[in-house]
Each structure stands twice: as structure tokens, then as C-alpha cells.
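Structure, as C-alpha cells:
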Amino acid sequence: MVYDHSYSKDNLSKYFLNSEIAKFPAAQRNQQRETISNKAYQDVQRHLRNVNLLRKVTINNKSAYTINLLEHNLIVRKLHQNLRKSFYYSAPNRHTIIKNLLSLLREATPYNVYRLDIQSFFESVDKNTLFEHLDNNYFLCAYSKKILKELFKQFESLGGSGIPRGLSISNILSDIYMQSFDQAISKNNVVFYYRRYVDDIIIITSGKEDKDSFLPHLSSELPKGLIFNSDDKFQFISISKNINNNSLPLNYRFDYLGYSFSIENNHSKDKNRAIKIDIADNKIKKIKTKIIRAFIAFSKDQNFEILTERLLFLSTNFSIYDRNKGRKKLSGIYYNYPELSENNESLLELDEYLRTLILSKATFKHLNISSKLSKNQKRKLLSLSFFKSHTNRSFNYFSGQRIKVLKECWKNV
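Residue numbers (the numbering used here): -6 to 406.
Structure representation (C-alpha cells):
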């Protein structure tokens, strides 16, 4: 069946989420859908001119953008689908990337690992170069191109540069911009494996290249406006061929997509390398910060029920509604980190941190947490375990509204 790129009322009406329809009074749902779809259609005919489309917000201390009205969300969702179809786009899957990466890292062959990150990725994209890619795509309809130009005009009027963060089209636009880089690096003769997840890049090579010339080559392939971070986000590891001798195994470590990988050069030519996978240190730090924020909130409001729920939210698993995809997805300590090694030290570290906060009078003296909890309350909190919840895939239910309440104390974490 031929895909219809047009922004007709019928097409736009297909992009309501179930959660949005559920908010309409049952007796008026068809009428409401018709009215909003018609508004969307009329605004498309004007190419969104004289329409207040975007609202600027702050997320994790960075500027991001949301769509103001439901009818305009329908338009942007249709635009996203048109971009997907026009560029034959498939979004990268974090779990698939990690599984494939693990398989390659275990190989008993020499290789080099490059872990790179693009500096201020979204803000540094050159708009004119991006629109050259969009304009040169003959599958993308004229309406989509005009809508994009109006959206970027409003984005820039709000002080934005590059690509707006936070929109459903943000990632696909950034991937379109990076297509030439992705293709060039993937085709390089020394590259065994290349993957990019937004601005996080992993490259595994044969080890035959000269690092000092390979890195400038990578930089030269980046699209206009982009440069690599040169701080601690860059990591390089050179792993030699395994040798059968009595020397001690060497361990190498790097972080990628929330995981910490430890590679053992086990000096056995007929054995795969042992790989240990933990939660990355920066993610551990973030979880610990959320734990202490939950206790700080408790020290102020003495609400033990919400403290317990916050710690359950952090330490177990749950389903959450994905607005962009219009369906629920599984999340939590297991589903965010399914590839962790057995007897995982990072999970045990989180358990010990939580236990210390509950029992120790010396830790965070100014909060005086231990004295504010009864014996029964301590017993209940001590039953929570990141390690057990990951192993057993323990599950809890939280409504969307409740999750908003739980997250109030974690703003900008």
C-alpha cells in the first residue's frame, strides 16, 4: 500500500494518542476529534504561519521545547512519520546496540575501542546544511518542508540554535544530519563496528590504524558545526592479541550508554574474553542523588508513604506511558539495565548506600534520618533491594499522575 504523505483531516486524525482521546467526554469524542483535526488541517494550510507553535522549557539545566496545542501535536507527529518514510529511517535501539557490542568485545582478537561524544550536539547543528539534506530529498513533500521551515523560524525567535531539543522530531532530524558521517565511518576498512546513539559514538577497529591520524580523520568527517568533546567523555583502549603465557590478565574499562564495560585480556587464544558489565559511575551517582533527595523531602514533610514509593520507584520496575509512541513501555532497574553481569557490584553498592542512610547516625548528620524513622519503618525500607529487584524483576504499579508527584523532588537531577 502506498504511503500517503498528505496532511488531510483524515490523516491527521490518526495521530491522536489513546490517552488524549480518553480525556474527552465519552459522548463528545467523535465531535472533539473532528473539531481538533479540522483546526490542525486549517493551520497546515497556512503552513503554521501566525501560530504560536512552541513553548520553551528547561530540562536538566538545558533549553528544550514542547508543542503548545493538541492540534499542533497531530501535525508534528504526522511530520515525524513523513520524515521516517522519506529517509527510510529506523531509530537505533539501545539494547540491540549493547548486545551486539558485547558480542564483539568478547572476541579473542586484537582491537581498538574509541568512545566519543559530540559537544553540544543539538545546539551546534548548522541549520542551512540540515535543510540542504531535507530539500534534496524528493520523497519529502513540500508541505513537510514548509512546516519544518516555519517551526525552525519560531524556534530561532525563541533564542534557539541548531535543532530544538525535546520534540518528537529532534532525534530523527539529528540522525538525518549525521547520515554522511555514519556512512563514511561504517565503510572505513579498519572499522569492525560503528554505532551512534544520538551524540554517543562507539567505534571498534582492527587495531591496525594509527590513532594519531585516525582521530583527525574522524573529526574531518563530522558535518559542519560539530566537534568532538575532548574531556573525560573521550576514551581510547587498545587491546592486544591474547597470548598463552603466565602473565596476569589485564583489565580495560570504558563507559557507553549508561553501562560500564570491563574487558579482561585473559591470555587464552581459544577463549573469548571475559566482560564484566556494571552501571556507569555517573548513573550510579544520579541514583544516589535521587535517594538522598527522597530522604531530604521526607525530613521536611515526614510523609513515609511517599518516601517508600520513591524508593520503590528507584529500586524496582514499572510500566510507563511513552507519549511519543502512544503505548506503555517497561522501565526500572532491570529494564533500564538488562545486560548487567551476575552478582553485580553496582547494584550491591546501591543497596549498601541505602542501608547506610537508613541505619547510620553519622551519615548526613544534618538530616538526622535514622532518628526520624521508627523500627518498623526501618525494617520496611531495609527490605528494599536494587540487587533483588533486578534479579527477580520485581514489579510495581504507579499511575502517571503518581509518577509526577514522586518525581517532584528530583527536578534537574
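Backbone N, C-alpha and C fix where the C-beta goes; we use that ideal spot for every residue, glycine too. Model, not experiment: these values are computed from the prediction.
Cβ shell of residue i (< 8 Å), same chain only, five flanking positions each side left out
i: residue 338; result: 271
i: residue 216; result: 118, 119, 122, 170, 171, 173, 174
i: residue 54; result: 405
i: residue 179; result: 187
i: residue 151; result: 47, 49, 58
i: residue 96; result: none
i: residue 292; result: 360, 361, 362, 365
i: residue 465; result: Outside the shown range of the chain (-6 to 406) lies residue 465, about which nothing can therefore be said.
i: residue 34; result: 0, 1, 2, 5
Residues near residue i by beta carbon distance below 7 Å, same chain, minus five either side
i: residue 17; result: 25
i: residue 193; result: 110, 249, 250
i: residue 287; result: 300, 303, 304, 402
i: residue 40; result: 139, 140, 143
i: residue 6; result: 26, 30
i: residue 326; result: 308, 309, 310, 379, 382, 383
i: residue 279; result: 406
i: residue 183; result: 198, 199, 201, 202
Which of helix, strand or coil DSSP assigns to residue i
i: residue 340; result: helix
i: residue 386; result: coil
i: residue 52; result: strand
i: residue 164; result: helix
i: residue 229; result: strand
i: residue 118; result: coil
i: residue 346; result: helix
i: residue 194; result: strand
i: residue 335; result: coil
i: residue 84; result: coil
i: residue 313; result: strand
i: residue 102; result: coil
i: residue 203; result: coil
i: residue 184; result: strand
i: residue 254; result: strand
i: residue 269; result: strand
i: residue 41; result: coil
i: residue 93; result: helix
Identity of the residue in the options nearest residue i by Cα
i: residue 102; options: 199, 377, 297; result: 199
i: residue 63; options: 54, 47, 53, 364; result: 47
i: residue 396; options: 299, 226, 191; result: 299
i: residue 148; options: 173, 82, 132, 120; result: 120
i: residue 186; options: 196, 245, 266, 402; result: 196
i: residue 154; options: 56, 66, 104; result: 56
i: residue 265; options: 36, 99, 291, 15; result: 99
i: residue 125; options: 115, 116, 142; result: 142
i: residue 146; options: 45, 399, 335; result: 45
i: residue 366; options: 377, 352, 357, 358; result: 352
i: residue 67; options: 128, 32, 293, 274; result: 32
i: residue 52; options: 336, 210, 160; result: 160
i: residue 163; options: 181, 182, 190, 176; result: 190
i: residue 346; options: 283, 295, 321; result: 283
i: residue 328; options: 313, 183, 336; result: 313
i: residue 131; options: 165, 79, 280, 176; result: 79
i: residue 273; options: 181, 231, 85, 343; result: 343
i: residue 369; options: 209, 297, 20, 244; result: 297
i: residue 285; options: 231, 350, 322; result: 350
i: residue 421; options: 10, 165, 12, 357; result: An answer regarding residue 421 cannot be provided, because it is not within the stretch -6 to 406 covered by the chain.
Buried or exposed (CB count within 10 angstroms, at least 16 for buried), residue i
i: residue 258; result: buried
i: residue 331; result: exposed
i: residue 340; result: buried
i: residue 375; result: exposed
i: residue 157; result: buried
i: residue 372; result: exposed
i: residue 393; result: exposed
i: residue 36; result: buried
i: residue 65; result: buried
i: residue 14; result: exposed
i: residue 75; result: buried
i: residue 253; result: buried
Residues near residue i by beta carbon distance below 6 Å, same chain, minus five either side
i: residue 354; result: 363
i: residue 246; result: 255
i: residue 167; result: 156
i: residue 387; result: 309
i: residue 222; result: 110, 112
i: residue 115; result: 155, 156, 158
i: residue 333; result: 270
i: residue 220; result: 112
i: residue 290; result: 402
i: residue 8; result: 67, 70, 71
i: residue 234; result: 103
i: residue 281; result: 346
The stretch 301 to 312 in contact with the stretch 381 to 395 per 3-pair CB rule at 8 Å | yes
Is the stretch 68 to 75 in contact with the stretch 91 to 105, if contact means three or more CB pairs nearer than 8 Å?
-> No contact exists between the stretch 68 to 75 and the stretch 91 to 105.
The stretch -2 to 15 in contact with the stretch 123 to 141 per 3-pair CB rule at 8 Å | yes
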